[in-house]
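Everything on this sheet refers to the single structure shown next.
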Amino acid sequence: MMLRRRKQQGSASAASEPVKPEADSHHSSTNERTTKTDINGLQEDKKTASLVPAQKPQRPLKKWGCMHTCCWLIGCLWIMWWTVLVLYNTLPSLPQYVTEAITGPLPDPPGMKLAKEGLQAHHPVVFVPGIVTGGLELWQGRPCADGLFRKRLWGGTFGEVYRRPLCWLEHMRLDNETGLDPPGIKVRPVSGLVAADYFAPGYFVWAVLIENLARLGYEEKSMHMAAYDWRLSFQNTEVRDKTLSRLKSTIELLVQTNDNRKVVVIPHSMGALYFLHFMKWVEAPPPMGGGGGSGWVARHIKAIMNIGGPFLGVPKAFAGIFSAEGKDIAIARAVAPGVMDTELFGLQTLQHIMHVTRTWDATMSMFPKGGEVIWGDLDTSPEDGFDCSLKKERAEEISVCESQELNEKQLDLSGKPQTHYGRMVSFGKEAAEMESSKIVRKTLKDFNRGNLPVRANVSCGEVWTEYHEMRWEGVEAVVEGKIYTAETMLDLLRFLAPRMMERADSNWGYGVADDLDNPKYQHYKYWSNPLETKLPDAPEMEVYCMYGVGMLTERSYIYKPSSNNDTCYIPFRINASAEGSSEGCLKSGVYFVDGDETVPALSAGFMCSKGWRGKTRFNPSNVASYTREYDHAPPLTLLEGRGTQSGSHVDIMGNFALIEDILRVAAGATGEELGGDRIYSDLLKWSERIQIEL
Amino acid sequence: MLRRRAQAAGASQNITDGSVPDSGDGKEKSYEANVTESKQDSSPTKRSRKLGSSTRWKCIDSFCWFNGWICTVALALLLLSKILPNSLPGYVTEVITGPLPDPPGVKLAKAGLRAFHPVVFVPGIVTGGLELWEGRSCADGLFRKRLWGGTFGEVYRRPSCWAEHMTLDNETGLDPEGIRVRAVTGLVAADYFAPGYFVWAVVIESLAKIGYDEKSMYMAAYDWRLSFQNTEVRDKTLSRLKSTIEMLKQTNQGRKVVVLPHSMGALYFLHFLKWVEAPLPMGGGGGPDWVSKHIKATMNIAGPLLGVPKALPGLLSAEAKDIAVARSIAPELLDSALFVLHTQRTVMSISRTWDATMSMIPRGGETIWGAFDKSPDDGFNCSVNRLECDEKKSCQPDMTDLSTGQEPPLDGKSTSHYGRLISFGKEASKMSDLALFNKRIKGDRVSPIKANSSCGDWIEYDELDRDELRAAVEGKVFTAEAAVDLLRFVAPQMMQKADANWAYGIADDLDNPKYQHHKYWSNPLETKLPNAPDMEVYCLYGVGILTERSYIYKMSALNDTCSIPVQIDTSAEDKENCLDGGAYFAEGDETVPTLSAGLMCAQGWRGKTRFNPSQSPTFIREYKHAPPANILEGRGTMSAGHVDIMGNYALIEDILRVAAGASGHDIGGDRIYSDLLKWAEQIPLKL
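For the protein sequence lines, the chains are A and B, in the order given.
Counting from 1 along the first sequence, just add 49 to a position and that's the residue number in the numbering used here.
Counting from 1 along the second sequence, just add 58 to a position and that's the residue number in the numbering used here.
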């Protein structure tokens, strides 16, 4: 169509020179036409008889031109769109057919494969989604959110982020003192399987797993999505929404309606911490706990299959809270990456994000736990000596963009620079690489917030980040501190954001317990820290740590003070220009280590490989633990989507090997039958280096 | 647009003027010219080709153009509606009709009402969504997509595949092998039936305004195709409901639950009340005081407690006007003669596999629904304004008219046609010769059952000899009891399933141990209410809409053995006697007659009766129908239609008040507009 139309126009203009007035009127306005029909007819006769070349005159076409061509074009596209759509719908298997033609026959999805083997639904299954992936919907809001009742604010299409960003922010943030909804606003988690089957249209989270389970015969009577408001501290989900009570009741119901078969729980990401909390809560006496009594877990839970669980926290959380710069801890950032990276809007956007995320208690649940014992100190860390070049091909993939950046600062040291992973945050590359004996630095005890003059209510807009209460001297003092480990980083945050950390310290524990029988550990704030709680008394229960490896994962950061000396802006930024050698693990100001792109393997796997392995003080009843790693392989072709062998934090939910393991356990297999541990990383070596009393 | 059309017209006129033949000539000539004159060889051919293409361009391109135009306008409108504030429609309405009243949620929130009792919704038949969990290969890609509810896209795209998946096994009443269709769960199961067509959404939003959220609301969705007991057998739905109610009470400071069943949900919840206290394994093992400990009030919305006459034609000839929304999905299709045969057969064979449709067959037989010569609601006046005039003084000039209308006609012609739920022929419905009515069909057939005829669908009419049927029904009339017998006669297998799951009678002795069987649990005339003296039972329903009450049938003209042999005689009209389109109408909410929705609260359960031994208080709240004032109001805030009543402000206000802690007396006790009490007096029900 297009071509013909073009040709027509072309020919018309080409033949337009000797325009006769009669011919002109021939195609002009209708009034003329209707009155002059006869004449035109005559003229036509004359013309054809005399073989005068007919010309499409230009003027009428121009009149038409803009408006009509536009309409025509839209119509054309519209029709084509519909044709394609209809075709697509009538040929449902076409994409698959194309894929098969290219890659050969696809392997059966694990559900189908195992159903053919005769596996059937046995244990009921409970999903515990992680942070960010669960949908949130509006139940009550300000006038700016009229008409959004029970519409998703989080998850789905995120349409409101673009349409009314400030209104959206207002509804997403929580009260910065209580950690609950601000007055007049009620945002609640979506419930049911739809809460986290897809995060956004086409972006699956649990959907693949659900579909494969369904092939074994699972349905909603034997599956449950334990959706919760992932912004709240875990105990507050109970206080506000009774989520823990509901989960307890649901698990009891599932056991009861499925012939008393125990439940297989599948937490993902932060859900692993949430479920740890739940297990302590459910056996604790009311009012703080659920009053299930000791033995509840043993009676109701068959296995906990943690997928990518950040048991010991993620370093990313520091960067996120410190400067709102974590690469993807908050997908919020990914929603509009372009906008955020421009200097013009960047600062304000980042501040908004920082403000919002700092009101979410749950983000603080992910701070690295276990301090220097786990994450290393100034000199050593368990992962020291990790060779990023082993993953070279993957590293290249990641740094395609970075490689285009200038690499002029590349240091050419004789030996490979020692990576000090223990230095979570360093100011300047030198500080990160120097030998510890040479470092001159202030410790945080040298200054505290009280000594520094606090700016009285300075108006930096409505954004609350606590930074703007500081004077620039404070920032300079922080920079002079140079190096912060997992432990001192917490102190630093307590210095920078005392009110936020007050909330954090009342909800979470980040240490390692000396004496687990100390009655203080009955407080709920320790329940989600595996290093400060015991696993429940359930010797038959199995704990799995399943996570991806083979992807570079953020581990520690090089920072610099921001260039504009005003604490109205976020005063620290990741020094993205700090680059290590091409072999090294430093890329754009971030040191990488093995993991699933979000959670380092150490955090996801340590508890199963050491902390809970055998009878330890964290696992007094000798619960069996299994470590299952899934080596990352990128999707072969574009048509595979996010791949069936991915090891990355969320995409692993579509990993066939992982799904197969889950299905087998759900159908009754034990960890031994699966094949016990399967470890690709250096996890065991690293675990050995960690000096922890068991 | 206009200009373009005129242009096209002009062009075609031009063509008819003879330019085309001319141009053809020109073409030929031009070829000759080609040979002779080398100078002008290219342009004439070009011209002729162009003319040909320009006529083609007219057709397709103006189509394109037209589409584009429409799209542009639509997009512009869409953009406008996005840019303009949400309150615009409200604003326009207010300009036209004056300020709108606050919706009940806002109003009561201002009055200080707050969420108190947790609330459980029990949706009715048809309104709950169903989704696919496992299917045949024709349903690939529909995993967890709605087959029922939502857009119904699959009905059009792959109708036979859809029908196959919606059908249940006609023996077990459960899924066929290899197919799993399950109820959607959560509030989304029945908040909207189709996009924009609310069911529970307005109630949910109003409750949310006074502080409810999912912590204190629950949608007890169930597969409404199954018999009630089978929802437990297959999906454990009753167990889940029990556990959820216990949890709701526990997580809401021990406050009891207010249950809101709608339509068939009322029967479902009756069944639940018996199930939960009955001992295992048939029951839920909750013990004798479970209900009194957990339920504050049961607020039945338009509950067909005694069945609906509509169910009979639905089962007999798949013709109910809207009991099966299946029919209303494609009314044009159904009404066109070409498809009527096949579609109707398909609808019948599908809906007959659904046990739940048989739960709605009228219960209580002739005692409730009337005998040949007498029925409780005889003398009902069908004139439209009857309710208004009873109340408003402005109608008084008409009162004389009305009073004459209300008096039973004295011309000797019997007006008692309601008791004859099904009459073959208009005459039969009016005959007063009682002698004719004494023959009742017994279940056994005389002629041998025809061997598997190859009609495909399972409707059992294939197996029935036409002549035998004709002999059995022609000129006959059937009361509620006889109609059930008629069904047993034409569809013995189906009724076998029905009789295993449902009961339609009145108990003589409720202590008879046979009444412990689950099939009696959903019939209020064969069970006692649980021992819960504090529980309130509400019957909330609309009145003021004409509702099908009895039918005039005829034998079908088609002699094809595969067709449905009986059909409603839509030509039967008698407006004065409430006969319209083959159906006699009575008071009700368009689906459920008032008698069915209100009688238990007015009589059967009122005070201490054998059906209500613990004397649970009952309240009747009727809502008078008023059509929406203008088109902007949508389905209206004062509608009493069976489903539209869920948006009725008065009803919602009552619900909110009770949920916030009020008792039936606080909200004003009974409110009755219909003649229900008068009718109840005439029903000789042993109490």
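Positions of the beta carbon are idealized from the N, C-alpha and C atoms, including for glycine.
Sorting B:Ala167, B:Ala718 and B:Ala698 by C-alpha distance to the C-alpha of B:Leu709 places B:Ala698 at the top. One alpha carbon belongs to B:Gly207, the other to A:Glu551, and they sit about 49 Å apart.
Per DSSP, the beta bridge partners of A:Gln189 are A:Lys235. Contact annotation: the stretch 301–314 of chain B does not touch the stretch 211–223 of chain B, with fewer than three C-beta pairs closer than 8 Å.
Membership of B:Gly600 in the beta strand (DSSP E) is indicated by the continuous run Glu594 to Val601. Sequence-distant partners of B:Leu604 (beyond 5 residues in either direction) whose C-beta falls short of 6 Å from its own C-beta, in its chain, are Phe643. Within chain A, no C-beta atom comes less than 8 Å from the C-beta of B:Arg204; the nearest is roughly 12 Å away. B:Gly719 is not a Cβ neighbour of B:Phe251, given a cutoff of 8 Å.
In the DSSP assignment, A:Thr292 falls within the unbroken alpha helix (DSSP H) covering Thr292 to Thr306. Taking the Cα positions, A:Ala706 is about 10 Å away from A:Ser695. B:Trp282 counts as buried, since no fewer than 16 other beta carbons sit within 10 angstroms of its beta carbon. For B:Gly665, DSSP records no beta bridge to any residue.
Shown here, A:Lys664 sits in coil according to DSSP, grouped into three states, outside any helix or strand. Restricting attention to B:Ser732, B:Val595 and B:Ala429, the CA atom closest to the CA of B:His723 is found in B:Val595. Under the Cβ criterion of 8 Å, A:His117 is counted among the residues facing chain B.
Residues of chain B whose Cβ lies closer than 9 Å to the Cβ of A:Ala263 are, in chain order, Trp191, Glu192, Phe201, Arg202 and Arg238.
Proximity of B:Met277 to chain A, defined by a Cβ-Cβ separation below 8 Å, is not satisfied. In the DSSP assignment, A:Gly599 falls outside any beta strand (DSSP E), carrying neither H nor E.
For B:Glu263, the closest Cβ of chain A is nearer than 8 Å. Between the stretch 313–323 of chain B and the stretch 181–189 of chain B there are three or more C-beta pairs closer than 8 Å, enough to call the two in contact. The beta carbons of A:Ile370 and A:Arg407 sit closer together than 8 Å. Within chain A, the residues placing a beta-carbon under 7 Å from that of B:Thr243 are Gly241 and Glu269, ordered along the chain. Here A:Thr206 is exposed: its Cβ has fewer than 16 other Cβ atoms, across all protein chains shown, within 10 Å.
With a cut-off of 8 Å on Cβ pairs, the stretch 213–222 of chain A is not in contact with the stretch 290–305 of chain A, counting fewer than three such pairs. In this structure, A:Pro173 sits away from A:Val346, with a CB-CB distance that is not shorter than 8 Å. Against chain B, the beta carbon of A:Lys291 has neighbours under 7 Å at Lys273 and Thr309, listed in chain order. Using a CB distance below 9 Å, the part of the stretch 281–306 of chain A facing chain B consists of Arg289, Asp290, Lys291, Thr292, Ser294, Arg295, Lys297, Ser298, Thr299, Glu301, Leu302, Gln305 and Thr306, ordered along the chain. If you draw a 10 Å sphere on the C-beta of B:Arg410, you find 16 or more other C-beta atoms in it, and that means buried. Listed in chain order, the positions of the stretch 302–335 of chain A with a beta carbon within less than 9 Å of a beta carbon of chain B are Leu302, Gln305, Thr306 and Asn307. Within the same chain, Leu370, Leu479 and Ile480 come within 6 Å of B:Ala541 by CB-CB distance, once the 5 residues on both sides are set aside. Rounded to the nearest angstrom, the Cβ distance from B:Gly423 to B:Ala538 is 5 Å, consistent with a contact under 8 Å.
Distance from the CA of A:Arg543 to the CA of A:Thr227, rounded to the nearest whole angstrom, comes to 18 Å.
The beta-bridge partner set that DSSP reports for B:Ile353 consists of B:Val315. Taking every protein chain shown into account, the CB of A:Leu685 has fewer than 16 other CB atoms within 10 angstroms, so this residue is exposed. Among the residues facing chain A, B:Cys122 is included, as its CB has a counterpart in that chain under 8 Å away.
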